[in-house]
Amino acid sequence: MYSDLIQPVLFLASASPRRSALLAQVGIFHRQFGCDIDESVLADEPPSHYVERVTRAKAMAGQSQVPKGAIVLAADTAVVVGGRILGKPVDAADAARMLRQLSGRWHKVMTAVAVTADERISIVLVEARVCLRVIEEHEIQAYWTTGEPGDKAGGYAIQGLGAVFVEKIEGSYSAVVGLPLSETVRLLADYGIGCWQSLETESPFRPSEA
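Numbering of the sequence shown is given in this note's numbering, commencing with residue 107 and proceeding in unit increments.
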């Protein structure tokens, strides 16, 4: 896919603009592309196992699209309430059901990050807790019309319009958004990729192209 690569760079195997923005925020040059994999939850699969399994699958799928030896980063995020995974809503009714479950209570957000190159792969799982205030029915309906909940796990975005529902958070904010930066930077350092990369650094691209 990227056979014209001149030097090793980081490849983000995710179509998420939020993950790309988080990498750019801490000065990590990267190229981005999406990976289509089966993200179905297996029967009786614990949420932590699910997130790690899907993240590993994304990393492997990404690795198949880049030159040999290239470094690939993948991640997956799950919203978990009462031991159940809330995925992306399929329609307005599904989004409303999710927000009613999350309203006025704590839930978990699990994000796994994987970095791979050749036969090596490293994975870390980060868990945060979020408490949403009581969400009124008219707010649930109005929020859906904004278009934001449609592609968000759990039907809300902490970094977007849905921030008005967030009362408390325990743990990594960036993990709830979709990429725990502290842990991600440590993983990448083990693969020779640092943060705070200068705009003057010789690179085949600039962050705005990611």
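Glycine residues also receive a C-beta, built at the ideal position from the N, C-alpha and C atoms.
Cβ neighbours of residue i in the same chain (closer than 8 Å, five flanking residues each side left out)
| i | result |
| --- | --- |
| Glu-306 | Residue confidence for Glu-306 is low, a pLDDT of 46 falling below 50, so the modelled location carries little weight; the figure read from the coordinates is stated next. Nothing listed; no residue qualifies. |
| Ile-143 | Val-160, Ala-163, Lys-164 and Ala-167 |
Other residues of its chain near residue i: CB distance less than 7 Å, five sequence neighbours each side excluded
| i | result |
| --- | --- |
| Glu-289 | Val-219, Val-230 and Val-232 |
Endpoints, beta strand (DSSP E) assigned at residue i
| i | result |
| --- | --- |
| Val-178 | 177-187 |
| Ala-119 | 116-119 |
| Ile-191 | 190-192 |
Residue range of the alpha helix (DSSP H) that includes residue i
| i | result |
| --- | --- |
| Ile-143 | Premise fails: Ile-143 is in no alpha helix (DSSP H) and is neither H nor E. |
| Arg-239 | First-last for Arg-239: undefined, no H or E at that position. |
| Gln-303 | Run containing Gln-303: none; DSSP gives neither H nor E here. |
| Gln-131 | 123-131 |
| Gly-168 | 153-169 |
Minimum C-alpha distance to residue i - residue among the options
| i | options | result |
| --- | --- | --- |
| Gly-193 | Ser-278, Ser-170 and Thr-217 | Thr-217 |
| Gly-284 | Ala-180, Gln-303 and Thr-252 | Ala-180 |
| His-213 | Cys-237, Leu-293, Arg-203 and Glu-276 | Cys-237 |
| Arg-317 | Ala-184, Arg-125 and Gly-277 | For the chain, the structure presents residues 107 to 316; residue 317 sits outside this window and is missing. |
| Ala-199 | Ala-234, Ser-280, Gly-261 and Ser-278 | Gly-261 |
| Ala-320 | Val-215, Ile-241, Trp-250 and Asp-257 | Nothing about residue 320 can be read from this structure; the chain reaches only from 107 to 316. |
| Gln-265 | Val-282, Gln-171 and Arg-211 | Val-282 |
| Leu-287 | Cys-301, Arg-239 and Trp-250 | Cys-301 |
| Val-240 | Leu-205, Asp-296, Pro-173 and Gly-189 | Leu-205 |
Would you say the region 212-225 touches the region 244-257, given that touching needs at least three Cβ pairs under 8 Å? no
Should the region 120-135 be called in touch with the region 143-156, which here means at least 3 C-beta pairs below 8 Å? no
Please go through the region 194-230 and give each complete alpha helix (DSSP H) segment of 4 or more residues, from N-terminal end onward. 198-208
Beta strand (DSSP E) segments (min. 3 residues) lying fully within the region 257-291: 272-276
Are the region 257-272 and the region 291-301 touching, with three or more C-beta to C-beta distances below 8 Å? no
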